[in-house]
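Keeping their order, the protein sequence lines are chains U and C.
Using the working numbering, the letters of the first sequence map in sequence onto residues 1 to 218.
Using the working numbering, the letters of the second sequence map in sequence onto residues 219 to 460.
Positions of the beta carbon are idealized from the N, C-alpha and C atoms, including for glycine.
Worksheet: one structure, shown below.
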Amino acid sequence: MGDFDFSVWQPSLPFIRDGLLFTLRLTLIAMSGGIVLGTLLALARLSPNRWLANAASLYVNTMRSIPLVLVILWFFLVIPYLTGKPVGAETSAMITFTAFEAAFYCEIMRAGIQGIPRGQVAAAQALGLSSTQTMVHVVLPQAVRNMLPVLLTQTIVLFQDTSLVWAIGAKDLLKAADVAGKNYNRPVEMIVLSALIYFAICFSLSIAVRQIQKRGQQ
Amino acid sequence: MIEIRHLSKWYGPTQVLDDCSTHVAKGEVVVVCGPSGSGKSTLIKCVNGLEGFQQGELVVDGVSLGDAKTDLTRLRARVGMVFQHFELFPHMSVLKNLMLAQIKVLGRNPDEAATRGLALLERVGLKAHAEKFPAQLSGGQQQRVAIARALAMDPVCLLFDEPTSALDPEMIGEVLDVMVELAAEGMTMMCVTHEMGFARKVAKRVVFMDHGHIVEEAPAMQFFEAPQSERAQAFLSKILHH
Chain U
1 MGDFDFSVWQ PSLPFIRDGL LFTLRLTLIA MSGGIVLGTL LALARLSPNR
51 WLANAASLYV NTMRSIPLVL VILWFFLVIP YLTGKPVGAE TSAMITFTAF
101 EAAFYCEIMR AGIQGIPRGQ VAAAQALGLS STQTMVHVVL PQAVRNMLPV
151 LLTQTIVLFQ DTSLVWAIGA KDLLKAADVA GKNYNRPVEM IVLSALIYFA
201 ICFSLSIAVR QIQKRGQQ
Chain C
219 MIEIRHLSKW YGPTQVLDDC STHVAKGEVV VVCGPSGSGK STLIKCVNGL
269 EGFQQGELVV DGVSLGDAKT DLTRLRARVG MVFQHFELFP HMSVLKNLML
319 AQIKVLGRNP DEAATRGLAL LERVGLKAHA EKFPAQLSGG QQQRVAIARA
369 LAMDPVCLLF DEPTSALDPE MIGEVLDVMV ELAAEGMTMM CVTHEMGFAR
419 KVAKRVVFMD HGHIVEEAPA MQFFEAPQSE RAQAFLSKIL HH
C-alpha cells in the first residue's frame with residue numbers, strides 16, 4: 001500500500017472535471033435523443049404498416065446484435081467517407097450513442113405501450129380523440145410513467161458504456177484519467193479515482209430508481 | 219337516433235351478431251340484456267364504431283357507420299360512452315379527464331372546458347374531488363366521473379356498457395341515480411345492464427339477446443310481466459330470484 005500516492009488526485013482535478021462533463025453531456029444527449037428516437041421506432045414497430053414495422057425491427061435487431069464498441073469505431077471511420085470530411089470524435093460519439101441506445105429504448109417503450117390496457121384506447125377513441133391524439137395524450141404518458149424505472153436503469157448502463165468512446169479517443173472521464181495517469185506517471189491512482197466517480201454516480205442513480213419503483217407500487 | 223338494421227358480425231368463423239335489428243328514438247331509453255356471451259356488449263360497441271361489422275346497416279343521428287367515407291372520429295365525439303371498468307385516464311386529475319377531449323376534439327379553450335367540467339362534476343356530486351386522481355376515488359365515484367366525462371362532450375346520445383357490473387353492491391345505487399336523472403331529462407340512452415330495477419324504472423323498451431340474436435324486444439313492463447320467449451323467461455327467473 002505504501003507505494004500508492006493519491007496526492008496526484010488534487011492537481012489532476014480540473015482535467016478530470018472536463019472529462020466528467022463530457023461523459024455527462026454524452027449520457028444526457030444519448031438518453032434524450034435515444035428515448036425520442038426509440039419511441040418513434042417503437043411506434044413504427046407497432047404500426048399496421050408492414051414495411052414500416054419490418055424496417056424498424058430490422059434496425060433494432062441489428063443494433064442489438066452488434067457490440068457497441070464496434071458501432072462506435074465503425075461509425076467514426078465511415079462518416080468521413082459519407083460526408084467527405086471527418087467529424088470530431090465527440091460529435092461522432094454523440095450520434096453513435098443516440099442511434100445505438102434508441103434500439104434499446106425502443107424495446108422498453110414498445111413494452112410500455114403494449115402494457116396499456118385496451119380499454120384506455122377505447123375510452124379515448126369513444127371521446128372522439130384521433131389515433132395520434134390518443135397516443136400522445138393517453139398512451140405515451142402512461143407508458144413513460146410505467147416504464148420510468150426501466151428507462152433509468154437503461155440510462156445507468158448507458159452512462160457506464162460511454163467509457164467505450166475511449167476506442168476513438170474522445171476525451172471522456174476514463175480518457176481524462178488515463179491521460180492524467182500518464183502525465184503524473186500514476187496510472188493506478190487515476191483509474192481508481194475514475195472508478196470511484198463512476199461508482200458514486202451509478203449507485204446514487206440506482207437508489208433513485210428504487211425510490212421511484214417503491215413510489216410506483218404504492 | 220340509432221337505427222340498427224340486419225346487423226351481422228363475425229370474428230373469423232365465429233358469428234357473434236346475427237341479423238340484429240332494433241332502434242332507439244330520440245329521448246328514449248332502451249335496455250339491452252341477456253346472458254354473458256350473448257353479443258350485447260359487441261352490439262353496443264358497434265354503435266360508436268369501436269367494433270366493426272360485416273353485414274347490415276347502422277345509422278346514428280343520420281350518419282351511416284357502414285359507409286367507408288364516414289369520419290368515425292367525428293361521430294364518436296357526439297356519442298358518449300361509459301364503460302364497465304370506467305377507463306378514466308389515471309395520469310390526469312379528475313377535472314383534466316373531463317377537459318381533455320373538450321379541448322382537443324371540440325376546440326374549447328381551457329377556461330371554458332374547466333367551467334363546463336366543474337359544472338358537470340357538481341351535477342354528479344363530485345365537485346370537491348376535481349383535483350384528485352382517479353385512483354383516489356371509489357369505484358362508484360369513478361363511474362360518476364366517467365359519466366360526467368361523456369356528458370362534457372354534449373353528446374346526442376349515451377351508450378352504457380354494463381356500467382355497474384364492476385361495482386361493489388353498495389356503490390351501484392349512486393351510479394344508477396345519476397342514470398335515472400339523465401333519463402328523466404330526456405337523454406337518449408342505450409344501456410347494456412343486468413340492473414332490472416333500473417330497466418323497470420326508466421327503460422321504454424327492453425331488448426333481450428342470446429347467442430348473437432335479438433330474441434325478444436318488448437316494452438319494459440310487458441317484458442318483465444309476460445316475457446314471450448322461453449329463453450327470456452329462463453333468464454328472468456334466474457336473475458330476478460337471486
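{"query": "Segment limits, beta strand (DSSP E) that includes residue 408 of chain C", "result": "407–410"}
{"query": "For residue 265 of chain C and residue 397 of chain C, the rounded distance between their alpha carbons", "result": "19 Å"}
{"query": "Min CB distance residue 210 of chain U to chain C below 9 Å", "result": "no"}
{"query": "Residue 93 of chain U and residue 165 of chain U closer than 9 Å at C-beta", "result": "yes"}
{"query": "Proximity test, Cβ basis, 9 Å: residue 68 of chain U and chain C", "result": "no"}
{"query": "Interface partners of residue 125 of chain U on chain C, CB under 7 Å", "result": "268, 294"}
{"query": "CB contact check: residue 308 of chain C to chain A, cutoff 9 Å", "result": "In the structure shown, chain A does not exist; the protein chains are U and C."}
{"query": "Among U:206, U:116, U:207, U:9, nearest to residue 305 of chain C - alpha-carbon criterion", "result": "U:116"}
{"query": "Distance, residue 248 of chain C Cα to residue 422 of chain C Cα", "result": "6 Å"}
{"query": "Proximity below 9 Å, CB of residue 109 of chain U to CB of residue 55 of chain U", "result": "no"}
{"query": "Classification of residue 185 of chain U by the beta-carbon crowding that lies within 10 angstroms, buried from 16 upward", "result": "exposed"}
{"query": "Helix, strand or coil at residue 123 of chain U according to DSSP, with G and I counted as helix", "result": "helix"}
{"query": "Residue 98 of chain U, buried or exposed, once every other Cβ within 10 Å from all chains shown has been counted against 16", "result": "buried"}
{"query": "Closer than 9 Å to chain U by CB, residue 401 of chain C", "result": "no"}
{"query": "At least 3 beta-carbon pairs within less than 8 Å: the stretch 320–335 of chain C vs the stretch 378–390 of chain C", "result": "no"}
{"query": "Alpha helix (DSSP H) segment containing residue 147 of chain U, residue limits", "result": "140–161"}
{"query": "Residues near residue 80 of chain U by beta carbon distance below 7 Å, same chain, minus five either side", "result": "86"}
{"query": "Span of the alpha helix (DSSP H) around residue 395 of chain C", "result": "387–402"}
{"query": "Residue 172 of chain U (DSSP reduced to helix, strand or coil)", "result": "coil"}
{"query": "Minimum length 3: unbroken beta strand (DSSP E) runs contained in the stretch 280–333 of chain C", "result": "297–300"}
{"query": "Chain-ordered residues of the stretch 107–137 of chain U with a beta carbon less than 7 Å from chain C", "result": "119, 120, 122, 123, 125, 126, 127, 128, 129, 130, 133, 137"}
{"query": "Sub-9 Å separation of residue 18 of chain U and residue 176 of chain U beta-carbons", "result": "yes"}
{"query": "Residue 386 of chain C versus residue 357 of chain C: straight-line alpha-carbon distance, rounded", "result": "8 Å"}
{"query": "Selection of the stretch 144–159 of chain U by Cβ proximity to chain C, strictly under 8 Å", "result": "145"}
{"query": "Contact check, residue 96 of chain U vs residue 76 of chain U, beta carbons under 9 Å", "result": "yes"}
{"query": "Proximity test, residue 410 of chain C beta-carbon vs the ligand ATP heavy atom, cut-off 8 Å", "result": "Although the ligand ATP was asked about, the structure shown includes no ligands whatsoever."}
{"query": "Reference residue 370 of chain C, options C:418, C:390, C:321, closest by Cα", "result": "C:321"}
{"query": "Contact under 9 Å by Cβ, residue 312 of chain C with residue 351 of chain C", "result": "yes"}
{"query": "Cα-Cα separation, residue 374 of chain C to residue 141 of chain U", "result": "30 Å"}
{"query": "Spatial distance of residue 224 of chain C from residue 367 of chain C (CA atoms)", "result": "32 Å"}
{"query": "Residue 198 of chain U burial status per 10 Å Cβ neighbour count (16 or more: buried)", "result": "buried"}
{"query": "DSSP state of residue 4 of chain U mapped onto helix, strand, coil", "result": "coil"}
{"query": "Burial state of residue 327 of chain C, where buried means 16 or more other Cβ atoms lie within 10 Å", "result": "exposed"}
{"query": "Local Cβ density within 10 Å of residue 399 of chain C, reported as buried at 16 or more and exposed below that", "result": "exposed"}
{"query": "Whole-number beta carbon distance between residue 45 of chain U and residue 103 of chain U, since they are thought to touch under 8 Å", "result": "In fact, because the Cβ distance is near 11 Å, the residues do not count as touching under 8 Å."}
{"query": "Reference residue 219 of chain U, options U:192, U:210, U:217, U:202, closest by Cα", "result": "One cannot answer for residue 219 of chain U here, as it falls past the ends of chain U, which runs 1 to 218."}
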